[in-house]
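Asker: The following block contains the structure, expressed as structure tokens.
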Amino acid sequence: MSIKGKIGVLIEEHFDQTEYREFNKYFPSQGYEVEYISHLWGNPQLTFGANPDNGEVEDHVTVTTEVNEVNPEDYKGIIAIGAYAMDRLRYQVTVKKGQKNQAPAVVFLRKAMQTKGLKVGTICHGLWLFCADSDLIKGRKVTCAHNIICDVENAGSEVVYENDGTAELVIDGDLITAKHPGVVDMFLQSFVGEIEKQSQQTLVNIAG
Numbered sequence: 555m556s557i558k559g560k561i562g563v564l565i566e567e568h569f570d571q572t573e574y575r576e577f578n579k580y581f582p583s584q585g586y587e588v589e590y591i592s593h594l595w596g597n598p599q600l601t602f603g604a605n606p607d608n609g610e611v612e613d614h615v616t617v618t619t620e621v622n623e624v625n626p627e628d629y630k631g632i633i634a635i636g637a638y639a640m641d642r643l644r645y646q647v648t649v650k651k652g653q654k655n656q657a658p659a660v661v662f663l664r665k666a667m668q669t670k671g672l673k674v675g676t677i678c679h680g681l682w683l684f685c686a687d688s689d690l691i692k693g694r695k696v697t698c699a700h701n702i703i704c705d706v707e708n709a710g711s712e713v714v715y716e717n718d719g720t721a722e723l724v725i726d727g728d729l730i731t732a733k734h735p736g737v738v739d740m741f742l743q744s745f746v747g748e749i750e751k752q753s754q755q756t757l758v759n760i761a762g
């Protein structure tokens with residue numbers, strides 16, 4: 555199977571292992587390469603561990619792609635993985651009153667959100683990274699884990715509710731959000747579906 559393009563996944567320590575495992579299976583099966591991206595703090599590589607869901611860290615990923623050195627346009631989609639990794643990626647060494655968050659992953663995400671046609675996705679706690687700058691999701695329809703609803707709504711997003719909880723999946727333009735890892739299969743199918751719709755539209759525009 556020929557490679558259709560790359561999916562960039564922002565990651566750090568305490569990532570969701572269910573999502574990680576499914577990303578590594580599903581995207582390659584659909585013809586997409588998965589590339590993990592992080593801030594490496596001047597190191598050639600860093601190794602991160604997953605959440606210890608069963609009392610021990612079962613999954614590790616070694617990342618060699620520095621977020622400061624990549625261009626969102628090189629990817630078909632960007633995903634902020636779930637769990638606590640995205641809180642770590644919004645950390646800033648220095649801060650100034652009134653200054654927008656300058657963490658490298660947040661700077662990258664600003665570029666990604668402004669890249670026309672690029673699909674951006676999150677599951678569960680992934681929107682924590684977006685909450686570092688309310689301009690990223692202000693006015694957008696999203697879903698997320700119940701325990702970050704306040705963060706997301708305070709950032710100006712419209713959280714979509716279904717029955718007694720948040721919606722399982724919400725697609726708002728190029729932004730695809732899912733509630734938690736229990737719906738990762740639905741998320742992956744929708745994410746790839748949106749990428750391929752975009753690719754088809756691009757081919758139509760070129761032909762026309």
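Sequential numbering from 555 applies to the sequence shown in our numbering.
Backbone N, C-alpha and C fix where the C-beta goes; we use that ideal spot for every residue, glycine too.
What is the DSSP secondary structure of Leu729, reduced to helix, strand or coil?
Answerer: Strand.
Asker: Could you name the residues that DSSP lists as bridge partners for Gly710?
Answerer: BP columns for Gly710 are empty, so no partner.
Asker: Can you grab the Cα-Cα spacing for the pair Ile725 / Tyr580, in whole Å?
Answerer: Cα-Cα distance, rounded: 19 Å.
Asker: Measuring CB atoms only, is the region 696-711 touching the region 586-601, in the sense that at least three cross pairs come out at less than 8 Å?
Answerer: Touching, no.
Asker: Which runs of the beta strand (DSSP E) at least 3 residues long sit entirely within the region 578-658? Give them in chain order.
Answerer: If we require 3 residues or more, the beta strand (DSSP E) runs fully inside the region 578-658 come out as 586-592, 600-603, 614-617, 631-634.
Asker: Where does Glu722 sit, in a helix, a strand or coil, going by DSSP?
Answerer: Correct three-state label for Glu722: coil.
Asker: Buried or exposed for Asn625, going by 16 or more other Cβ atoms inside 10 Å?
Answerer: Label assigned to Asn625: exposed.
Asker: If you check the beta carbons only, do Ala634 and Thr601 fall under 7 Å apart?
Answerer: Contact flag unset, no.
Asker: On the DSSP letters alone, give me the boundaries of the beta strand (DSSP E) that Leu564 sits inside.
Answerer: Its beta strand (DSSP E) spans residues 559-564.
Asker: DSSP state of Gly671, grouped into three classes?
Answerer: Coil.
Asker: Looking only at its own chain, which residues have a Cβ that is under 6 Å from the Cβ of Pro658, when we skip the five neighbours before and after it?
Answerer: Around Pro658: His593, Val621, Asn622.
Asker: Does the separation of the CB atoms of Met740 and Leu729 fall below 7 Å?
Answerer: Contact flag unset, no.
Asker: Out of Lys650, Phe684, Val649, His679, point me to the one whose CA is closest to Leu663's CA.
Answerer: When each option's Cα is compared against that of Leu663, the closest is Phe684.
Asker: Exposed or buried, which one is Asp689 when buried takes at least 16 other CB atoms within 10 Å?
Answerer: Exposed is the call here.
Asker: Buried or exposed for Glu610, please, with buried defined as at least 16 other CB atoms from any protein chain shown within 10 angstroms of its CB.
Answerer: Its Cβ having fewer than 16 others within 10 Å, Glu610 is exposed.
Asker: With a threshold of 8 Å on Cβ separation, who are the neighbours of His734 within its own chain once the five nearest residues in sequence on each side are excluded?
Answerer: Hits under 8 Å: Gly636, Ile677, Cys678, Ala699.
Asker: Could you give the C-beta distance for Ile565 and Ala666, rounded to a whole number, given that I count them as a contact under 8 Å?
Answerer: The pair is not a contact, with the Cβ atoms about 15 Å apart (cut-off 8 Å).
Asker: Quick one, are the C-beta atoms of Val737 and Glu576 less than 7 Å apart?
Answerer: In this structure, Glu576 does not lie closer than 7 Å to Val737 by Cβ.
Asker: Hey, Gln646 and Glu612 are a contact pair by Cβ (cut 8 Å); roughly how many whole angstroms apart?
Answerer: The pair is not a contact, with the Cβ atoms about 31 Å apart (cut-off 8 Å).
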